[in-house]
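Reading the sequence shown from the start, the letters are residues 1 to 363 in the working numbering.
Structure, as structure tokens:
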Amino acid sequence: MKRTTRIAALAGIAALVLSACGQAPTGGGSSPTAGGTAASNFRACMVSDQGGWDDQSFNESGHDGLLQAQKELGVQINAVESSAPTDFVPNVNNLVQDNCNLIIGVGFNLEAAIHQAALANPDIEFALIDSSFSDASGNPVTIKNAKPILFNTAEAAFLAGYLAAGMTQSGTVATFGGMQIPAVTVFMDGFYDGVQQYNKDNSKSVKLLGWNKATQTGSFSGDFSNQAQGQNLTQGFIDQGADIIMPVAGPVGLGAAAAASDAGKRLIWVDSDGFKSTEHGDIIITSVMKEIGQSVFDVIKNAAAGNFSAEPYVGTLENNGVGLAPFHDFASKVPSELSQKIDSYKQQIIAGTFKVESQNSPK
């Protein structure tokens, strides 16, 4: 499943960028027909964040969308893995040299590399999962050939927080993030609100560890690769009484799963349906899903048909871009009244009669 391109050092980046500018393919602006002969000439490419294509989380979900496009649309693909931040720029530039028509970066950490390459290669189309683009001062900017792929996961995480509060036996739940960035804290905001709403509705006092929405402070592993740190954080929450934990940290969540499994506790997964994508389905109550694979497929399909747009894609409950996974093995353990209440909130959020607000939601 892995196709890896690595350049060991950054010594040649300047030369690569200059070369990329001079040799950018001119096919990015063409209008191939998806599923037709021209689509077979369209080259869709992707660069992973740390963790690789088998991270059982957002990298793998993005790669699945790329493979779907290859199978169903007949486009050519190339996927390169990053094992460290120093790989990002060389990997993106390598795909520019590979005559890719569309280059997709997976994750916030690819923003600088995708941003730089998009400006240097206006005839190539780019997309970035989980981040918009900003200038040196942090102000949002629009790049005509670069599309943000964003997800308002606060909506689905609200439902997960409500579920966790309704399912806890200890009266304490927890969450932590990989890095304190909007694509992570938007989950934590929604989860926080779900717990608080459950307490309000049921006159309960379920405690949440790991995140305070009001102060925007909480617990973070520091990256998306250190599973040992995820295990340590989770053990710390368990020691404080938490029996349901939601890690928002990609592969770091596997460390959380190890700690939870050893202690007989439960998890809520994120990004993909953890029951299907991990080996820890027996402890995963549900997952806050971003339909990354489908969004990647849709962006490739539109680009291959000549309909690329820099307008951000924002996944919501309404457009099925985010959602709550089935309860799987826990279906019989979730009280029907709790399940019905969660579904009611979902419908209210879709209808716009109940608002889940987060300062970290994509605008």
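Think of the CB as a built atom: it goes at the ideal place given N, C-alpha and C, for glycine as much as any other residue.
| Does the Cβ-Cβ distance between Ala-331 and Asp-273 come in under 7 Å? | Taking the first residue of the sequence shown as position 1, residue 331 is located at position 331. Taking the first residue of the sequence shown as position 1, residue 273 is located at position 273. Going by beta carbons, Ala-331 and Asp-273 fall outside the 7 Å limit.
| For Gly-161, does the three-state DSSP call read helix, strand or coil? | Taking the first residue of the sequence shown as 1, we reach residue 161 at position 161. Here Gly-161 sits in helix by DSSP.
| query | Where in the stretch 49-90 do unbroken runs of the alpha helix (DSSP H), each at least 4 residues long, occur, reported from the N-terminal end onward? | reply | For the stretch 49-90, whole alpha helix (DSSP H) runs of length 4 or above, ordered along the chain, are 58-73.
| message | What does the alpha-carbon distance come out to for the pair Asp-303 and Leu-102? | response | One-based indexing of the sequence shown puts residue 303 at position 303. One-based indexing of the sequence shown puts residue 102 at position 102. Per the sequence shown, residue 303 should be read as Ala rather than Asp. About 8 Å.
| request: Using only alpha-carbon positions, find the residue among Lys-200, Ala-174, Phe-191 and Thr-234 that is nearest to Leu-209. | output: Stepping through the sequence shown from its first residue, residue 209 is reached at position 209. For Leu-209, the closest C-alpha among the options Lys-200, Ala-174, Phe-191 and Thr-234 is that of Ala-174.
| query | Tell me which same chain residues have a C-beta within less than 7 Å of the C-beta of Met-46, skipping the five on either side of it? | reply | Position 46 of the sequence shown, counted from the start, is the residue given in the question as residue 46. Only Gly-62, His-63, Leu-66, Ala-79, Ile-104 and Val-106 meet the Cβ criterion.
| When the Cα atoms are used, what is the spatial distance from Ala-351 to Thr-86? | Indexing the sequence shown from 1 puts residue 351 at position 351. Indexing the sequence shown from 1 puts residue 86 at position 86. Going by the C-alpha atoms only, they are around 44 Å apart.
| field | Reduced DSSP secondary structure (H/G/I, E/B, other) of Ser-134 | value | One-based indexing of the sequence shown puts residue 134 at position 134. DSSP places Ser-134 in strand when its eight states are reduced to three.
| field | Cα-Cα separation between Cys-21 and Asp-298, rounded to whole angstroms | value | If you number the sequence shown from 1, residue 21 lands on position 21. If you number the sequence shown from 1, residue 298 lands on position 298. With a pLDDT of 36 at Cys-21, under the threshold of 50, the predicted position of this residue should be treated as unreliable, though the coordinate-derived value follows. Rounded to whole angstroms, Cys-21 to Asp-298 spans 28 Å at the Cα level.
| said: Let me make sure I understand the geometry here. Which of Ser-358, Ala-160, Pro-362 and Val-75 has the alpha-carbon closest to that of Asn-212? | reply: Counted from its first residue, the sequence shown places residue 212 at position 212. It is Ser-358 whose Cα lies nearest to the Cα of Asn-212.
| Assumed close pair Ala-258, Pro-247 - CB separation to whole angstroms, cut-off 8 Å | Within the sequence shown, numbered from 1, the residue matching residue 258 stands at position 258. Within the sequence shown, numbered from 1, the residue matching residue 247 stands at position 247. Contact doesn't hold; Cβ gap of about 11 Å is too wide.
| Selection from Phe-88, His-328 and Gly-315 that minimises the alpha carbon distance to Thr-286 | Taking the sequence shown and counting its residues from 1, the one referred to as residue 286 is at position 286. Across the set Phe-88, His-328 and Gly-315, the C-alpha of His-328 shows the shortest separation from the C-alpha of Thr-286.
| query | Should Met-289 be listed as close to the ligand ZN, given that the test is whether its C-beta is under 6 Å from any heavy atom? | reply | Here there are no bound small molecules, and the ligand ZN is not part of this structure.
| query | Exposed or buried, which one is Gly-222 when buried takes at least 16 other CB atoms within 10 Å? | reply | In the sequence shown, counting from the first residue as 1, residue 222 sits at position 222. With fewer than 16 other Cβ atoms within 10 Å, it is exposed.
| field | Terminal residues of the alpha helix (DSSP H) in which Ala-174 lies | value | For the purposes of this step, residue 174 is taken as the residue at position 174 of the sequence shown. Careful: Ala-174 lies outside any alpha helix (DSSP H), inside the beta strand (DSSP E) at 172-177.
| task | Compute the beta-carbon to beta-carbon distance between Ile-238 and Ala-263, rounded to the nearest angstrom, for a pair I have assumed lies under 8 Å. | result | Within the sequence shown, residue 238 is the residue found at index 238, counting from 1. Within the sequence shown, residue 263 is the residue found at index 263, counting from 1. With a beta-carbon spacing of about 5 Å, Ile-238 and Ala-263 fall inside the 8 Å limit used to define contacts.
| If you run the structure through DSSP and keep just helix, strand and coil, what is Asp-329? | Along the sequence shown, one-based indexing puts residue 329 at 329. Helix at Asp-329.
| request: Could you have a look at Ser-430 and say whether DSSP puts it in helix, strand or coil? | output: Here the chain covers residues 1 to 363 and nothing more, so residue 430 does not appear.
| task | Kindly identify the DSSP beta-bridge partner or partners of Lys-290. | result | Counting from one through the sequence shown, the residue named residue 290 turns up at place 290. Residue pairing by DSSP puts Lys-290 in a beta bridge opposite Val-322.
| request: Identify whether Glu-125 lies in helix, strand or coil by the three-state DSSP scheme. | output: Taking the first residue of the sequence shown as 1, we reach residue 125 at position 125. The three-state secondary structure of Glu-125, taken from DSSP, is strand.
| request: From the DSSP output, in three-state form, read off Ile-181 for me. | output: For the purposes of this step, residue 181 is taken as residue 181 along the sequence shown, with counting starting at 1. In the displayed model, Ile-181 falls within coil according to three-state DSSP, outside both helix and strand.
| task | Return helix, strand or coil for Thr-234, following the three-state DSSP convention. | result | In the sequence shown, residue 234 corresponds to position 234, counting from 1. Reduced to three states, the DSSP call for Thr-234 is helix.
| task | Return yes when the Cβ of Lys-290 is within less than 7 Å of the Cβ of Val-322, no when it is not. | result | As a position in the sequence shown, residue 322 is number 322, starting the count at 1. As a position in the sequence shown, residue 290 is number 290, starting the count at 1. The criterion of a C-beta distance shorter than 7 Å is satisfied by Val-322 and Lys-290.
| field | Spatial distance of Ile-283 from Leu-163 (CA atoms) | value | Here residue 283 corresponds to residue number 283 of the sequence shown, with the count starting at 1. Here residue 163 corresponds to residue number 163 of the sequence shown, with the count starting at 1. Between Ile-283 and Leu-163, the C-alpha separation is close to 14 Å.
| query | If you run the structure through DSSP and keep just helix, strand and coil, what is Asn-41? | reply | As a working mapping, residue 41 is identified with position 41 in the sequence shown. Annotated three-state conformation of Asn-41 is helix, per DSSP.
| Option in Tyr-198, Ile-300 and Ser-261 with minimal Cα separation from Gly-281 | The residue labelled residue 281 in the question sits at position 281 within the sequence shown. Per the Cα distances, Ser-261.
| said: Measuring straight from C-alpha to C-alpha, what distance separates Asp-123 and Asn-109? | reply: As a working mapping, residue 123 is identified with position 123 in the sequence shown. As a working mapping, residue 109 is identified with position 109 in the sequence shown. Spanning the two alpha carbons is a distance of roughly 23 Å.
| query | Which runs of the beta strand (DSSP E) spanning at least 3 residues fall entirely within the stretch 260-290, listed in chain order? | reply | The qualifying runs are 266-271 and 284-290.
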